[in-house]
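First residue of the sequence shown: -19, per my numbering; consecutive thereafter. Virtual Cβ for every residue (Gly too), placed ideally from N, Cα, C. Here the structure is a predicted model, which means the values were calculated and not measured.
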Amino acid sequence: MTPMKLLPLLLFGASAMAQPTYDLLLKGGHVIDPKNKISAPRDVAIAKGKIAEVAPDIPATRARKVVDVSSLHVTPGILDIHVHVFAGEGPAYTGQNSVFPDDHTFRSGVTTVVDAGSPGWRNLADFRRRIVERSRTRVLATLNIVGHGMAGAIEQDTTDMDPKATAEAALRNKDIIVGIKTAHYAAPDWIAVDRAVEAGELASMPVMVDFGTFTEKRPFQDLVLKKLRPGDMYTHMYLAWVPMLDENKKVLPYLFEARKRGVLFDVGHGGGSFVFRHAVPAIRQGFIPDSISTDLHITSMNAGMKDMLNVMSKFLNMGMSLDDVILRSTWNPARQVRREELGHLSVGAPADVSVLRLQSGDFGFVDVYGARLRGNRKLAAELTIRNGLVVWDLNGITRQDWDKLPANYSSQGDSAWDGTISGAVRARK
Ligand SMILES: [Zn+2]
């Protein structure tokens, strides 16, 4: 072979060796990955939408894009298992009271939401077509025991609570349905809860209960001590009506008994379901949430709830450790909805990652009655990564300074890791 023919081969060989293995490398952050029991400085490498390596020092040369995340926390993408995202023109939470997921999620570090029973089996196809398929957020749902879903007055109609039709629809849509929901029921009988549990049995899925109207004829204690099965979830745990404290402000023992039975307690903050006068003493006495969630909808989003990181920050300022807050917003909720491929940073897992800044300062947090808790720590989402693509970058930490780019720079998008510079912008040279 002549030297002229050899040269391109040599060059090809050299460039193949220098070819980066990873699309994106988050360097120098403090990783909190509760499933894998990691809370330590680690680099996180991502390739082809999956977590590729987590190690103390991954060479920068191995990645196409390196982001300095020192002084930040790198966590699994946050799961919010109580939201209402069936936005559109339908009644109540099957439309007007719901919000579109992408408007709220990535900016607060959330990569997966579980809609808590907005659709029922009759409108699930519409929910899939208009919401699940059009969102960049991973959207799952618990299916309402009411066939028409969370659509207002119909939620009281027991003739539309069909366990068989609900379970069948749940099983046909197992890719997005992770449980059964009952909510807002006002009659003094157990029909809504019993039918939801029956559907849960038929579909082998957990049930989430919003107990609706509290009445003496069906005491809350019976819900968590008798009706719910291990693995079922009660949401709105710090709602004012939940019997929580005795006259000496001690947490009532039945709540610990219910937990011992395996009933899970979810926050579901919402516009009306979280009061500090329950949460603060309960947390001090160890009655803490299994999962932290928002109950995001049009009336909670601009009130005391605000967003997932604001709710998580409340728990930090009530005395929970950051590691514990992350556990209850990632791996715990993933397990509760039996999506164990989510909520952690194991090699091979979908690369859903949140990069959070723990800010210090004077902050205030408000409950649903308008009472304030002062605090000095608050989480903010610097970077959110969904399936390996950056979908939120608050301060442009993945970006180069404009005056260091060529004078006539054009779109900086790189589809290997960038999900924010749109295809349209990228194509417009
Ligand atoms: Zn709700």
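Simplified DSSP state of residue i, which is helix, strand or coil
{"i": "phenylalanine 86", "result": "helix"}
{"i": "proline 312", "result": "For clarity, residue 312 is asparagine in the given sequence; the question names proline instead. If DSSP states are grouped into helix, strand and coil, asparagine 312 belongs with the helices."}
{"i": "asparagine 228", "result": "coil"}
{"i": "tyrosine 165", "result": "coil"}
{"i": "tryptophan 397", "result": "coil"}
{"i": "alanine 351", "result": "coil"}
{"i": "leucine 359", "result": "strand"}
{"i": "lysine 154", "result": "coil"}
{"i": "valine 63", "result": "strand"}
{"i": "tyrosine 389", "result": "coil"}
{"i": "glycine 180", "result": "helix"}
{"i": "lysine 384", "result": "helix"}
{"i": "aspartate 373", "result": "strand"}
{"i": "proline 143", "result": "helix"}
Beta carbon of residue i nearer than 8 Å to that of residue j
{"i": "proline 269", "j": "arginine 308", "result": "yes"}
{"i": "glycine 74", "j": "threonine 91", "result": "Here residue 74 is threonine; the residue named in the question, glycine, does not match the sequence. No, these two residues do not count as a Cβ contact at 8 Å."}
{"i": "alanine 150", "j": "isoleucine 160", "result": "yes"}
{"i": "methionine 298", "j": "glycine 251", "result": "no"}
{"i": "valine 24", "j": "isoleucine 18", "result": "no"}
{"i": "alanine 163", "j": "aspartate 190", "result": "yes"}
{"i": "glycine 323", "j": "lysine 15", "result": "yes"}
{"i": "serine 78", "j": "alanine 96", "result": "no"}
{"i": "histidine 84", "j": "leucine 276", "result": "yes"}
{"i": "proline 21", "j": "proline 36", "result": "yes"}
{"i": "aspartate 287", "j": "isoleucine 12", "result": "no"}
{"i": "alanine 121", "j": "isoleucine 156", "result": "yes"}
{"i": "arginine 337", "j": "leucine 52", "result": "yes"}
{"i": "alanine 145", "j": "alanine 183", "result": "no"}
6 Å Cβ shell around residue i - same chain, five flanking residues per side excluded
{"i": "threonine 193", "result": "Ala166"}
{"i": "glycine 129", "result": "Thr74, Ser98, Pro99, Gly100 and Asn103"}
{"i": "glutamate 135", "result": "Val126 and His164"}
{"i": "threonine 1", "result": "Arg42"}
{"i": "tryptophan 221", "result": "Phe194"}
Residues near residue i by beta carbon distance below 8 Å, same chain, minus five either side
{"i": "leucine 225", "result": "Val231, Leu232, His258, Pro261 and Ala262"}
{"i": "valine 49", "result": "Leu6, Lys7, Gly8, Gly9, Val335, Glu362, Leu363 and Ile377"}
{"i": "glutamine -1", "result": "none"}
{"i": "leucine 437", "result": "As displayed, the chain neither begins before -19 nor continues past 409, which places residue 437 out of reach and without an answer."}
Beta-carbon proximity list for residue i, same chain, < 7 Å, skipping 5 on both sides
{"i": "glutamate 178", "result": "Pro143"}
{"i": "tyrosine 234", "result": "Gln201 and Leu205"}
{"i": "glycine 321", "result": "Residue identity check: residue 321 is glutamate in the sequence provided, not glycine. Answer for glutamate 321: Ala329 and Pro330, listed in chain order."}
{"i": "phenylalanine 295", "result": "Ile272 and Val305"}
{"i": "isoleucine 38", "result": "Leu5, Asp23 and Ala25"}
Nearest-angstrom Cβ-Cβ length linking residue i and residue j, presumed shorter than 8 Å
{"i": "valine 291", "j": "threonine 279", "result": "Contact doesn't hold; Cβ gap of about 15 Å is too wide."}
{"i": "alanine 331", "j": "isoleucine 365", "result": "6 Å"}
{"i": "methionine 188", "j": "methionine 213", "result": "4 Å"}
{"i": "phenylalanine 254", "j": "aspartate 347", "result": "6 Å"}
{"i": "leucine 289", "j": "serine 88", "result": "5 Å"}
{"i": "histidine 62", "j": "threonine 215", "result": "5 Å"}
{"i": "aspartate 342", "j": "lysine 45", "result": "Contact doesn't hold; Cβ gap of about 36 Å is too wide."}
{"i": "serine 301", "j": "glycine 355", "result": "The pair is not a contact, with the Cβ atoms about 14 Å apart (cut-off 8 Å)."}
{"i": "valine 327", "j": "valine 54", "result": "Contact flag wrong, Cβ pair sits at about 15 Å."}
{"i": "valine 94", "j": "valine 317", "result": "6 Å"}
{"i": "aspartate 26", "j": "glycine 368", "result": "Looking at the sequence shown, residue 26 is not aspartate but isoleucine. Indeed, because the Cβ distance is near 5 Å, the residues count as touching under 8 Å."}
{"i": "lysine 197", "j": "proline 168", "result": "4 Å"}
{"i": "glycine 344", "j": "arginine 357", "result": "Going by Cβ atoms, the distance from glycine 344 to arginine 357 rounds to 12 Å, so no, they are not a contact pair."}
Cross-strand partners of residue i (DSSP beta bridge)
{"i": "valine 94", "result": "Leu120"}
{"i": "valine 24", "result": "Leu6 and Val34"}
{"i": "leucine 219", "result": "Per DSSP, none; premise fails for leucine 219."}
{"i": "arginine 198", "result": "Thr195"}
{"i": "arginine 337", "result": "Ala360"}
{"i": "valine 54", "result": "Val11 and Val335"}
{"i": "leucine 246", "result": "Per the sequence shown, the amino acid found at residue 246 is aspartate instead of leucine. Beta-bridge pairing links aspartate 246 to Thr215 and Ser271."}
{"i": "arginine 319", "result": "In the DSSP output, where bridge partners are listed per residue, arginine 319 has none listed."}
{"i": "leucine 276", "result": "Val63"}
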